[in-house]
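Here the sequence shown is numbered in the working numbering, starting from 9 and rising by one per residue.
The structure appears right after this line, and notes come after that.
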Amino acid sequence: MFRPFASPRFLRLTHRSLALLGLALLTGCWLDGPQSTFDVQGPVARSQLHLFYVTLWVTAFIFVTVGSVLAYATLRFRARTSADEHAEPPPQSHGNFFVEVGLVSASVLCLVVIAIPTLKAIWFTYDVPAAEKQAAYEITATGSQWWFKFEYPSEQITGVGPLATANELVIPAGRPVQVNLRTLDVVHSFWVPKLAGKVDMIPNRPNHLWLEAERPGYYYGQCAEFCGDSHALMRFRVIALAPAEFAAWLANQKQTGRVVTPGMVAAAQKQPRLMFASWKPGTGPDEALAGSPAFDANPFEAWKEKQVPDPADEDAALIAQGRRLFQEKTCIACHTIRGHEGVGVTGPDLTHVGARTTIAAGVLENTPRRMHEWLADPNHFKPGNKMFNGGFIDPATGRRLINLNNAEINALVAYLQSLK
Ligand code: CUA
Numbered sequence: 009m010f011r012p013f014a015s016p017r018f019l020r021l022t023h024r025s026l027a028l029l030g031l032a033l034l035t036g037c038w039l040d041g042p043q044s045t046f047d048v049q050g051p052v053a054r055s056q057l058h059l060f061y062v063t064l065w066v067t068a069f070i071f072v073t074v075g076s077v078l079a080y081a082t083l084r085f086r087a088r089t090s091a092d093e094h095a096e097p098p099p100q101s102h103g104n105f106f107v108e109v110g111l112v113s114a115s116v117l118c119l120v121v122i123a124i125p126t127l128k129a130i131w132f133t134y135d136v137p138a139a140e141k142q143a144a145y146e147i148t149a150t151g152s153q154w155w156f157k158f159e160y161p162s163e164q165i166t167g168v169g170p171l172a173t174a175n176e177l178v179i180p181a182g183r184p185v186q187v188n189l190r191t192l193d194v195v196h197s198f199w200v201p202k203l204a205g206k207v208d209m210i211p212n213r214p215n216h217l218w219l220e221a222e223r224p225g226y227y228y229g230q231c232a233e234f235c236g237d238s239h240a241l242m243r244f245r246v247i248a249l250a251p252a253e254f255a256a257w258l259a260n261q262k263q264t265g266r267v268v269t270p271g272m273v274a275a276a277q278k279q280p281r282l283m284f285a286s287w288k289p290g291t292g293p294d295e296a297l298a299g300s301p302a303f304d305a306n307p308f309e310a311w312k313e314k315q316v317p318d319p320a321d322e323d324a325a326l327i328a329q330g331r332r333l334f335q336e337k338t339c340i341a342c343h344t345i346r347g348h349e350g351v352g353v354t355g356p357d358l359t360h361v362g363a364r365t366t367i368a369a370g371v372l373e374n375t376p377r378r379m380h381e382w383l384a385d386p387n388h389f390k391p392g393n394k395m396f397n398g399g400f401i402d403p404a405t406g407r408r409l410i411n412l413n414n415a416e417i418n419a420l421v422a423y424l425q426s427l428k
């Protein structure tokens with residue numbers, strides 16, 4: 009009889025594809041992706057990874073031991089002949105004191121080997137270690153559909169409250185950070201795979217976690233609990249900076265919204281402009297959510313560049329028109345721009361939105377073009393988002409409340425990008 013699935017060729021092919029798949033999982037896609045929990049960059053994630061390995065090795069040991077005994081018994085005592093198949097079963101016995109005590113003790117031992125490091129890890133990850141408590145930096149992260157607000161309780165701004173930013177959490181590197189977890193609406197979950205997590209943000213229940221980035225860098229985070237239409241699009245970034253850079257960042261963030269004047273632009277344009285041979289306008293992939301090659305290759309460098317304004321590239325009149333439109337189109341009702349007209353708290357604080365590498369909760373790279381696309385059709389990138397549903401249109405009637413033409417969006421983008 010011909011059995012195609014038992015043919016040696018088919019089996020060889022299957023084995024090879026499985027081996028290749030396993031190798032791909034182990035090397036490329038799995039162990040060092042941007043959100044890999046195997047590529048740990050801080051003590052909390054490292055303790056979680058350590059615990060994973062303890063559990064993995066203990067259960068692997070059990071699997072191999074039980075599996076080999078089973079395989080031995082199956083092969084050794086299999087029916088070889090037709091007589092074997094019809095043989096009388098061997099004499100049956102009941103109970104064996106040493107086997108029973110031995111198996112129970114072995115199981116208890118395995119559980120204890122797992123339980124001790126588990127409890128240690130639970131205590132360690134629960135709170136900043138007492139010795140470092142004094143040095144810890146405090147942040148309050150608030151989830152809402154579908155973005156993250158980050159507040160800095162130790163950085164109070166007179167007449168405003170704590171410094172607030174959105175979707176890009178900037179922290180000091182090499183220092184424990186205590187993160188208070190809150191939510192405005194449903195349950196969200198805070199997770200930065202390379203640093204720490206995940207802990208839920210639960211309504212009316214203050215939660216917290218701590219994390220530490222050992223080195224300055226750019227880390228990926230995301231909401232890890234289903235929270236509605238755009239849960240998968242609720243992402244964030246953590247940017248860890250050396251102490252001096254962190255202090256400088258804080259000082260700049262506390263400034264009110266930047267104002268670009270024609271004088272600044274004229275002065276900057278008097279400077280000679282360098283243009284390198286490799287400079288090409290309009291480079292970058294067109295795919296729905298892709299970032300530019302430079303950003304994808306080195307997001308941390310891209311973030312640093314984003315902090316520095318370039319008045320030579322700015323248009324003071326267009327920016328002023330954008331600021332006016334931000335008011336007229338009622339954007340101010342939901343967004344704060346400190347020192348300017350915006351006072352709303354429903355949406356992200358935009359005082360320094362031009363200095364972020366991403367918009368729309370980490371979904372799009374923050375380039376003028378992307379911001380234009382986002383403002384033209386936010387529902388396309390983040391279905392169900394409240395800027396569109398409730399802001400741009402009335403969800404009850406479907407009536408359009410805010411209309412923006414291309415020229416108006418250009419002005420808004422110029423304004424928002426100027427807020428460094
Ligand atoms: Cu927020 Cu899922």
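Cβ coordinates follow ideal geometry from the N, Cα and C atoms, glycine included.
If you check the CB distance, G205 and L217 come in under 8 Å.
Short of 6 Å from the beta carbon of V361, and not among the five residues preceding or following it, lie these beta carbons of its own chain, in chain order: L424 and L427. What you get when you keep residues with a C-beta closer than 6 Å to any heavy atom of the ligand CUA is G151, W154, H196, C231, E233, F234, C235, H239 and M242. Contact between K390 and W154 is confirmed by a C-beta separation of about 6 Å, below the 8 Å threshold. DSSP lists no bridge partner for L258. Assigned with DSSP and collapsed to three states, R183 falls in coil, not helix or strand.
DSSP, reduced to helix, strand and coil, places F308 within a helical segment of the structure shown.
Between the region 318-326 and the region 342-349, the count of Cβ pairs shorter than 8 Å is below three; the stretches do not touch.
Per DSSP, the beta-bridge partners of W155 are S152. Following the DSSP letters along the chain, one finds P51 inside the alpha helix (DSSP H) bounded by residues P51 to R84.
Between I247 and E176, the gap from beta carbon to beta carbon is short of 8 Å. Between A129 and Q56, the C-beta spacing is below 8 Å. The straight-line gap separating the alpha-carbon atoms of L171 and H388 is approximately 31 Å. Rounded to the nearest angstrom, the Cβ distance from E146 to P161 is 5 Å, consistent with a contact under 8 Å. The secondary-structure analysis by DSSP pairs D208 across a beta bridge with S197. In this structure, the beta-carbon distance from P180 to F244 does not fall below 8 Å.
Sequence-distant partners of N414 (beyond 5 residues in either direction) whose C-beta falls short of 7 Å from its own C-beta are missing from its chain. By the neighbour-count criterion, in which a residue is buried when 16 or more other Cβ atoms sit within 10 angstroms of its Cβ, S197 is buried.
Under a 10 Å Cβ-count criterion, H343 is classified as buried, with 16 or more other Cβ atoms of the shown protein chains found around its own Cβ. Distance from the CA atom of M395 to the CA atom of Y134, rounded to whole angstroms, is 36 Å.
For the 8 Å CB-CB criterion, Q315 and A363 form a contact. Shown here, C235 sits in coil according to DSSP, grouped into three states, outside any helix or strand. Contact between T63 and P201 is absent: CB atoms are separated by about 18 Å, not below the 8 Å threshold.
Inter-segment contact for the region 260-269 and the region 400-420 is absent: fewer than three beta-carbon pairs are separated by less than 8 Å. P125 is a Cβ neighbour of L59, given a cutoff of 8 Å.
The Cβ atoms of V353 and L383 lie no closer than 8 Å to each other. When the five nearest sequence neighbours on each side are left out, the beta carbons in the same chain lying within less than 7 Å of the beta carbon of C118 are those of V66 and I70, in order along the chain. Taken through DSSP and simplified to helix, strand or coil, A302 comes out as helix. Taking C-beta separations shorter than 7 Å and ignoring five residues to either side along the sequence, the partners of L372 in its chain run L297, T366, R378, W382 and F389, following chain order. Take A143, set aside five residues on each side of it, and the residues of its chain with a beta-carbon closer than 8 Å to its own are R183 and P184, in chain order. Taking 8 Å as the cut-off, the Cβ atoms of D193 and S238 do not count as close. Bounds of any alpha helix (DSSP H) do not take in T45, whose DSSP letter is neither H nor E. Of the residues G399, Q164, Q49 and F334, the one whose Cα lies closest to the Cα of R223 is Q49. For G392, the secondary structure class from DSSP, reduced to helix, strand or coil, is coil. The beta carbons of M272 and P319 sit closer together than 8 Å.
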